[in-house]
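Chains as they are written, first to last, in this note's numbering: chain A, 1 to 168; chain B, 1 to 167. Cβ coordinates follow ideal geometry from the N, Cα and C atoms, glycine included. All figures in this text were calculated on a predicted structure; none of them were measured in a lab.
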Amino acid sequence: MIVIGALVAICAALVWRRDGIDGVLNILTHDLWLFGEIIPRVLAGCLLGAFIAEILPHEKVSRSLGPKSGLKGLLIGTAFGAILPGGPFTAYPVAAALLTVGADFGATIAMVVSWTLIGYGRAVAWELPILGTDFTLWRIAISLPIPVLAGWLGRIVFVRIYPKGEPS
Amino acid sequence: MTASALIIDITLWGSVAILGFMAWQRGRVVLVSSVREGSMDFLNIVPRIALGVVGSGYIAAVIPPEVITGWLGPDSGWLGVLTAVIAGAATPGGPVVGFSIGAVALKVGGGTPQVIAYVVAWALFAFQRMILWEIPFMPARFVWFRAAVSVPFPFLAAAIAMVIGKP
């Protein structure tokens, strides 16, 4: 967060030097507007995450998405990421909730990567109209194995880095 | 408000209502405690989202999209894939910007494997989404870990695209 804050300060200073105070204020008002639009969705996402953490039975999640869930866990994570509705304001709180109720890094990586790469929301709303059906379908077909592979690679690296499990 | 935003909000709050109802069926205590938990998460995240939203606007203003399109020129081969991956990660703005740059690159003669690598890298690493959404919500260790193990995959996608060609 400090790094990001510093980066933002530098960029704001560059904008100020290039466009003057008007440029800085323009971006600020635009972004505050955007912030106002996003905020209710963030609240919804946080509530979703909290409900999921409360409702899902922990033993069941750690059995089907935990470190020992194997390929099946990665496939479940991938399928879940692909069908999850909403945008980043749902995907990340839900992924964080899965981590707290016993999913491992591998299955959660599969879910997040699947959401960004093969989730239908963005593909239907933006990619199809802009890049065309052929390209989009082809791109998604090529991307299909990636969430499982990323989760699998994640598991391999995870046990190398944290042989005794994740430090708290 | 556009129709798609309305649909998003309806499905979103609909899911909240359904899951809230399921929590309420487990008992009032469960509902109250999860609402409190969710609200606390929300309060913790708001300042970070604020920094992300305002901040990424300034970062995006410093990186104009034309720069990115330039990186995606008709330069083919693995060097082109590498620049495409870096360009994907550095692309500011939302999905419209990312996909439009991909479309422009295709039009001006960018190779398809390079554009595939660009779109995949953008989906995996777009800095604005990571700063604005992933880092505030997820444990930092998870985010870096996820990003690190994702590095090979835009290259893999480009390799598959090169091998099988465009149908």
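Segments assigned alpha helix (DSSP H), at least 4 residues, entirely inside the segment 10-68 of chain A: Complete alpha helix (DSSP H) runs here, min 4: 58-65.
field: Cα-Cα separation, A12 of chain A to G57 of chain B
entry: Here residue 12 of chain A is taken as the residue at index 12 of the first sequence, counted from 1. Here residue 57 of chain B is taken as the residue at index 57 of the second sequence, counted from 1. If you take the alpha carbons of A12 of chain A and G57 of chain B, they lie about 9 Å apart.
- request: Could you tell me which of B:A50, B:V81 and B:I18 sits nearest to I52 of chain A, measuring between CA atoms?
  value: Taking the first sequence and counting its residues from 1, one reaches residue 52 of chain A at position 52. Looking at the Cα atoms, B:I18 is the closest of the given residues.
field: Proximity of A123 of chain B and L144 of chain A at Cβ, strictly below 7 Å
entry: Here residue 123 of chain B is taken as the residue at index 123 of the second sequence, counted from 1. Here residue 144 of chain A is taken as the residue at index 144 of the first sequence, counted from 1. Cβ atoms of A123 of chain B and L144 of chain A: not closer than 7 Å.
query: Taking C-beta to C-beta, are R97 of chain A and M111 of chain A nearer than 7 Å?
result: Counting from 1 along the first sequence, the entry for residue 97 of chain A is found at position 97. Counting from 1 along the first sequence, the entry for residue 111 of chain A is found at position 111. According to the sequence as given, residue 97 of chain A is Ala; it is not Arg. In this structure, A97 of chain A keeps its C-beta atom at 7 Å or more from the C-beta atom of M111 of chain A.
task: With 7 Å as the threshold, decide whether the Cβ of W16 of chain A is near any Cβ in chain B.
output: Numbered from its first residue, the first sequence carries residue 16 of chain A at position 16. It does not; no Cβ of chain B falls within 7 Å.
- request: Would you kindly work out how many angstroms separate the C-alpha atoms of L79 of chain B and G111 of chain B, rounded to a whole number?
  value: Taking the second sequence and counting its residues from 1, the one referred to as residue 79 of chain B is at position 79. Taking the second sequence and counting its residues from 1, the one referred to as residue 111 of chain B is at position 111. Spanning the two alpha carbons is a distance of roughly 12 Å.
field: G165 of chain B: first and last residue of the uninterrupted alpha helix (DSSP H) it sits in
entry: Here residue 165 of chain B refers to the residue found at position 165 of the second sequence. That residue, G165 of chain B, is in no alpha helix (DSSP H); it is neither H nor E in DSSP.
field: Chain-ordered residues of the segment 8-35 of chain B with a beta carbon less than 8 Å from chain A
entry: Only those residues of the segment 8-35 of chain B whose C-beta falls short of 8 Å from the nearest C-beta of chain A are listed: I8, D9, T11, L12, W13, S15, V16, L19, G20, M22, A23, R26, V30, S33, S34 and V35.
query: Are there 16 or more other CB atoms within 10 angstroms of the CB of M1 of chain B, so buried, or fewer, so exposed?
result: Against the second sequence, residue 1 of chain B aligns to sequence position 1. Since pLDDT at M1 of chain B reaches only 49, below the 50 mark, its modelled position is unreliable, and the value read off the structure follows with that caveat. Taking all protein chains shown into account, M1 of chain B has fewer than 16 neighbouring C-beta atoms within 10 Å of its C-beta and is therefore exposed.
task: Check whether the segment 128-148 of chain A touches the segment 93-104 of chain B, counting contact only when three or more Cβ pairs, one atom from each stretch, lie closer than 8 Å.
output: Taking a contact to require three or more Cβ pairs closer than 8 Å, the segment 128-148 of chain A and the segment 93-104 of chain B qualify as touching.
query: According to DSSP, is P64 of chain B helix, strand or coil?
result: Mapped onto the second sequence, residue 64 of chain B falls at position 64. In the three-state reduction of the DSSP assignment, P64 of chain B falls in the coil class.
- request: Determine the burial state of L43 of chain A: buried for a count of at least 16 other Cβ atoms within 10 Å of its Cβ, exposed for fewer.
  value: As a first step, residue 43 of chain A must be located in the first sequence, where it is residue number 43. Under this definition L43 of chain A is a buried residue.
message: Between the segment 143-159 of chain A and the segment 143-154 of chain B, can you find at least three pairs of beta-carbon atoms closer than 8 Å?
response: Yes, the segment 143-154 of chain B touches the segment 143-159 of chain A.
query: Taking C-alpha atoms, which residue in B:I116, B:S34 and B:I8 lies nearest to I160 of chain B?
result: Counted from its first residue, the second sequence places residue 160 of chain B at position 160. With respect to the C-alpha of I160 of chain B, the residue from B:I116, B:S34 and B:I8 having the closest C-alpha is B:I116.
message: So for G107 of chain B, helix, strand or coil by DSSP?
response: Taking the first residue of the second sequence as position 1, residue 107 of chain B is located at position 107. Residue identity differs from the one stated: residue 107 of chain B is Lys in this sequence, not Gly. For K107 of chain B, the secondary structure class from DSSP, reduced to helix, strand or coil, is helix.
task: Report the residue from A:I2, A:I146, A:R122 and A:V101 whose alpha carbon sits nearest the alpha carbon of T57 of chain A.
output: Locating residue 57 of chain A in the first sequence gives position 57, counting from the first residue. For clarity, residue 57 of chain A is Pro in the given sequence; the question names Thr instead. The candidate whose alpha carbon is nearest that of P57 of chain A is A:V101.
query: Measuring CA to CA, which of B:R36, B:I49 and B:W24 is closest to R41 of chain A?
result: Taking the first sequence and counting its residues from 1, the one referred to as residue 41 of chain A is at position 41. Nearest C-alpha to R41 of chain A: B:I49.
field: Separation of P85 of chain A from A60 of chain B, as counted between CA atoms
entry: Position 60 of the second sequence, counted from the first residue, corresponds to residue 60 of chain B. Position 85 of the first sequence, counted from the first residue, corresponds to residue 85 of chain A. The alpha-carbon of A60 of chain B is positioned some 27 Å away from that of P85 of chain A.
- prompt: Apart from the five residues on each side of it in sequence, which residues of its chain come closer than 6 Å, Cβ to Cβ, to G88 of chain B?
  reply: Counted from its first residue, the second sequence places residue 88 of chain B at position 88. Scanning its chain for C-beta atoms nearer than 6 Å, with the 5 sequence neighbours on each side dropped, one finds around G88 of chain B the residues Y118, A121 and W122, in chain order.
field: Boundaries (first-last residue) of the alpha helix (DSSP H) holding L75 of chain A
entry: Here residue 75 of chain A corresponds to residue number 75 of the first sequence, with the count starting at 1. G70 to I83 is the extent of the alpha helix (DSSP H) around L75 of chain A.
- request: Using 10 angstroms around the beta-carbon of A23 of chain B, count the other beta-carbons present and answer buried if the total reaches 16, otherwise exposed.
  value: Here residue 23 of chain B refers to the residue found at position 23 of the second sequence. When all chains shown are included, A23 of chain B counts as buried.
field: Cα-Cα separation, A90 of chain B to L82 of chain B
entry: Here residue 90 of chain B refers to the residue found at position 90 of the second sequence. Here residue 82 of chain B refers to the residue found at position 82 of the second sequence. Each residue's CA atom was taken as its position, placing A90 of chain B and L82 of chain B some 12 Å apart.
message: Out of B:A103, B:L51, B:S15 and B:G14, which one is the CA nearest neighbour of D134 of chain A?
response: By one-based count along the first sequence, residue 134 of chain A stands at place 134. Minimum Cα distance to D134 of chain A is reached at B:A103.
task: Mind reading off the beta-carbon distance from G66 of chain A to F105 of chain A? Whole number of angstroms is fine, and I expect it under 8 Å.
output: Translated into the one-based positions of the first sequence, residue 66 of chain A becomes position 66. Translated into the one-based positions of the first sequence, residue 105 of chain A becomes position 105. Going by Cβ atoms, the distance from G66 of chain A to F105 of chain A rounds to 10 Å, so no, they are not a contact pair.
task: Decide if P113 of chain B is buried, meaning its Cβ has at least 16 other Cβ atoms within 10 Å, or exposed.
output: Within the second sequence, residue 113 of chain B is the residue found at index 113, counting from 1. Label assigned to P113 of chain B: buried.
- prompt: Does the distance from the C-beta atom of C46 of chain A to that of D9 of chain B stay below 7 Å?
  reply: Sequence index remark: in the first sequence, residue 46 of chain A carries index 46 (1-based). Sequence index remark: in the second sequence, residue 9 of chain B carries index 9 (1-based). No, the Cβ-Cβ distance between C46 of chain A and D9 of chain B is not below 7 Å.
task: Say whether chain A places a C-beta atom closer than 7 Å to the C-beta of W71 of chain B.
output: Your numbering for residue 71 of chain B matches position 71 in the second sequence. No, W71 of chain B lies away from the interface with chain A (no Cβ there is under 7 Å from its Cβ).
- prompt: Looking at C-alpha atoms only, which residue of B:A3, B:I164, B:L51 and B:E66 is the closest neighbour of A105 of chain B?
  reply: As a working mapping, residue 105 of chain B is identified with position 105 in the second sequence. Of the listed residues, the one whose Cα sits closest to A105 of chain B is B:E66.
message: Mapping the DSSP letters down to three states, classify P92 of chain B as helix, strand or coil.
response: Here residue 92 of chain B refers to the residue found at position 92 when the second sequence is read from its first residue. Of the three classes helix, strand and coil, the one that applies to P92 of chain B here is coil, per DSSP.
task: State the CB to CB distance for the pair V15 of chain A and V62 of chain B, rounded to an integer number of angstroms; the pair is presumed to be in contact (CB under 8 Å).
output: Locating residue 15 of chain A in the first sequence gives position 15, where the first residue counts as 1. Locating residue 62 of chain B in the second sequence gives position 62, where the first residue counts as 1. Right, the Cβ-Cβ distance comes to about 7 Å (below 8 Å), so this counts as a contact.
query: Within 10 angstroms of its Cβ, does V29 of chain B collect 16 or more other Cβ (buried), or is it exposed?
result: Your numbering for residue 29 of chain B matches position 29 in the second sequence. The residue is exposed, with fewer than 16 neighbouring Cβ atoms inside 10 Å.
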